[in-house]
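Trainee: What follows is a single structure, and I will ask about it in a moment.
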Amino acid sequence: MDPGSTVRDICRRISGEFLGIEASSGLIARIITRMRDDGVTRYTPSVDAETRWVTRARAMQSTRIWSTGGCDSYFIEKDGTNTLVYPGGAITALLERRRLMLRDWERRTDDDERRTGFRGSVLRAVHAIVGSFDTLSQDSM
């Protein structure tokens with residue numbers, strides 16, 4: 827924050843962050859509920875869904891100030907890719923995190939795990955979801 831920032835400026839910036847956090851935590855809560863209801867122990871994004879999201883995110887980010895020059899950050903890769911900053915704003919985050927496209931996720935149940943010997947957990951599923959919001963979209967849970 828620059829020294830000339832007003833309380834209103836600071837609140838606007840912070841409220842945008844909280845909107846994104848609120849949208850993310852709401853989605854995680856709905857996903858955990860859905861997992862319990864369906865007996866799912868792990869969600870993993872499909873390769874296709876991840877590729878679509880990364881392509882879209884990089885296209886969005888290519889026009890943002892931190893990717894067009896003038897931003898010197900250790901989060902920016904040598905090729906200019908910013909791997910830290912979410913490319914959309916708070917409203918985009920709200921819209922994308924309202925719903926989950928279930929068809930973009932590979933799901934495992936207890937039966938799958940007994941058959942394969944793999945034991946997932948809700949924590950791993952949440953980590954996968956938080957780490958890749960790439961398949962969030964218009965389809966409702």
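So the sequence shown is residues 827 to 967, counted in our numbering.
Heads up, the beta-carbon is just placed ideally off N, CA and C, and yes, glycines get one too.
When DSSP builds the beta bridges, which residues end up paired with E932?
Mentor: Its beta-bridge partners are T870.
Trainee: Grab the span of the alpha helix (DSSP H) containing L926 for me, first residue to last.
Mentor: Here L926 belongs to no alpha helix (DSSP H), and DSSP marks it neither H nor E.
Trainee: For chain B, is any of its Cβ atoms less than 8 Å away from the one on A885?
Mentor: Within the model displayed, chain B is absent; a lone protein chain is all it includes.
Trainee: With a cut-off of 8 Å, do at least 3 Cβ pairs link the stretch 849–868 to the stretch 917–937?
Mentor: With a cut-off of 8 Å, the stretch 917–937 and the stretch 849–868 count as touching, because enough Cβ pairs lie within range.
Trainee: Work out the CA separation of G852 and D863 for me, nearest whole Å.
Mentor: Those two C-alpha atoms are separated by around 17 Å.
Trainee: Have a look at G914, W892 and A919 and flag the residue whose alpha-carbon is nearest the alpha-carbon of T907.
Mentor: The candidate whose alpha carbon is nearest that of T907 is W892.
Trainee: Should L910 be labelled buried (16 or more other beta-carbon atoms within 10 Å of its own) or exposed?
Mentor: Result: exposed.
Trainee: With the cut-off set at 8 Å, would you say Q887 and P913 are in Cβ contact?
Mentor: In contact: Q887 and P913 (Cβ atoms closer than 8 Å).
Trainee: Does the distance from the C-beta atom of S850 to that of R925 stay below 8 Å?
Mentor: Their beta carbons are not under 8 Å apart, which means S850 does not touch R925 by this criterion.
Trainee: Could you give the distance in angstroms between the alpha-carbon of A875 and the alpha-carbon of D930?
Mentor: Answer to the nearest angstrom: the Cα atoms are 6 Å apart.
Trainee: Classify I891 as helix, strand or coil using the three-state DSSP reduction.
Mentor: Three-state DSSP puts I891 in coil, outside helix and strand.
Trainee: With distances taken between CB atoms, is the gap from G845 to L921 smaller than 8 Å?
Mentor: Correcting the residue type first, residue 845 is Leu in the shown sequence and not Gly. Not a contact, by the Cβ cut-off of 8 Å.
Trainee: With 16 other CB atoms within 10 Å as the buried threshold, where does I857 fall?
Mentor: I857 comes out buried.
Trainee: In the structure shown, what three-state DSSP assignment does F944 receive?
Mentor: Interpretation of F944 is limited by its pLDDT of 45, a score under 50 that renders its predicted location unreliable; the figure taken from the coordinates is listed afterwards. In the structure shown, F944 sits in coil (DSSP, three-state: anything other than H, G, I, E or B).
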